[in-house]
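*Asks:*
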Amino acid sequence: MPEEHEPMPSPAQQRLWFLQQLAPDSPQYNVFRGYELRGRLDVAALRRALGALADRHVALRMRFPADGGVARAVVSGCPFDVELPTTDLAGELVR
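Residues 1318 to 1412 (the working numbering) are what the sequence shown spells out, left to right.
1) Cα separation between R1355 and W1334?
2) Can you look up R1357 in the DSSP assignment and give me helix, strand or coil?
3) If you draw a straight line from the C-alpha of R1350 to the C-alpha of C1395, how long is it?
4) Tell whether a beta-carbon distance below 9 Å holds between F1381 and Q1345.
5) Would a C-beta distance cut-off of 9 Å place V1399 and R1373 closer than the cut-off?
6) Going by Cα to Cα distance, which pick from L1358, Y1352, L1370 is closest to F1397?
7) Per DSSP, what kind of secondary structure is A1417 in: helix, strand or coil?
In structure tokens:
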């Protein structure tokens, strides 16, 4: 998709945006998936992999800010830098 123009949000994206405006703290449409990783995590490599994935998929770089009460789609450019906060749980008790 050319980066020169802003795409219009689809009707489904507009509905989700509207519902998020009504209940901004609702986790209703968040999809959570946890993974257990064993061994040493290479955070830099994971950030690069996630950034490369976002570079290939425009939908992962989209956000929908309000413009006069109307959703508009904004696509971040490439290369996409993924923020990846980490918490070291080594030594924590796992039950």
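Ideal Cβ positions, reconstructed from N, Cα and C, are used throughout, including at glycine.
*Replies:* In this structure, then:
1) Numbered from 1 along the sequence shown, position 38 holds the residue referred to as residue 1355. Numbered from 1 along the sequence shown, position 17 holds the residue referred to as residue 1334. Roughly 37 Å between the two C-alpha positions.
2) Translated into positions along the sequence shown, residue 1357 becomes position 40. Coil, per DSSP.
3) Position 33 of the sequence shown, counted from the start, is the residue given in the question as residue 1350. Position 78 of the sequence shown, counted from the start, is the residue given in the question as residue 1395. Rounded to whole angstroms, R1350 to C1395 spans 26 Å at the Cα level.
4) Reading the sequence shown from its first residue, position 64 is the one you call residue 1381. Reading the sequence shown from its first residue, position 28 is the one you call residue 1345. Not in contact: F1381 and Q1345 (Cβ atoms no closer than 9 Å).
5) The residue given as residue 1399 occupies position 82 in the sequence shown. The residue given as residue 1373 occupies position 56 in the sequence shown. In this structure, R1373 does not lie closer than 9 Å to V1399 by Cβ.
6) Along the sequence shown, read from residue 1 onward, the residue named residue 1397 stands at position 80. Residue L1370 is the option with its Cα nearest to F1397.
7) Limits of the chain in this structure are 1318 at one end and 1412 at the other, which puts residue 1417 out of reach.
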